[in-house]
Amino acid sequence: MKSFVPNDMHDVVRSMKYSLPFSVVNMEELRFFDIQTAADDLFNTKSLNISKAVHVRIDSKKLGNLLPKETFSDFEQWKETCILKKGNKASDLKNTMSDWRFRKNLNDEDLPASAEAAAFEIENLPLDSDIITDEEDSENEEGGIFEVEKTSMCLVDDVEEAVEEKLDEAVEEVVKAVKEEVEEALDTAVEDAELDFQPEPQNKEQVRQTSVG
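Take the sequence shown: its position 180, counted from the start at 1, is 180 in full-length UniProt numbering, and no numbers get skipped.
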């Protein structure tokens, strides 16, 4: 994916993805297609009356011709309207666009990592306060920016370690809670079983017969 961005935003845009970063294309004047200028130089839409059109077709056989309709009636004929100025061809538009479409991307050497990009990463990553040290979070008095020594990969490692630690803690808490519930359920089951299997007390006649026998 290509991104046309101003010079001061190169590192910010590239830092959005750690793997397969965006290909940044320098925002130069020649890299953009000036639609307004091309329209003024090549087209004349006065005869089109676009405000009243309800359907507009593009004539594939005669590029530069539009076929508008001002009603939904099937009886109305498509009105052929040429929007190209005299002396211009449809190929003139292609020639104008070809200058910027096939330019190469900037090399990585032209886009060195800057403190602004690193500061942007730190501000937007959901890191705990103990991951970023006070030294890394200090502000530069001259430029008012963050002085960061860690690279993007270091930040990724810190995030992975923090996530693993949080996951381990969560697993331990779940195991502990399940263990307590199981033990409590077992104790309750044992108590219920003891109550169910208690022998019934013998009456006096049974006791007398047993003693006489």
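Note that CB positions come from ideal geometry on N, CA and C, so glycine has one too.
The DSSP-derived three-state label of Leu66 is strand. Comparing alpha-carbon positions, the option among Lys46, Val12 and Asn7 lying closest to Pro68 turns out to be Lys46. At the C-beta level, Ile83 and Asn49 stay beyond 8 Å of one another. Closest option to Lys86, judged by alpha-carbon separation, among Val171, Lys166 and Asp41: Asp41. Scanning Val171, Asp92, Leu186 and Asp168 for the CA closest to the CA of Ala39 turns up Asp92. Straight across, the Cα-Cα distance linking Val171 with Asp8 is about 44 Å. Spanning the alpha carbons of Ser73 and Thr81 requires a straight line of approximately 19 Å.
For Ile35, the enclosing alpha helix (DSSP H) has its first and last residue at Ile35 to Leu42. In this structure Val56 is exposed. Its beta-carbon is surrounded by fewer than 16 other beta-carbon atoms within 10 angstroms. Beta-bridge analysis with DSSP links Val56 to Pro68. A Cβ-Cβ distance of about 6 Å is found for the pair Ala53 and Glu70, placing them in contact under the 8 Å criterion. Distance from the CA atom of Thr37 to the CA atom of Asp11, rounded to whole angstroms, is 31 Å.
Of the candidates Ser51, Lys89, Lys79 and Trp78, the residue whose Cα lies closest to the Cα of Gly64 is Lys89. Separation of Glu173 and Val13 (C-alpha to C-alpha, rounded to the nearest whole angstrom) is 39 Å.
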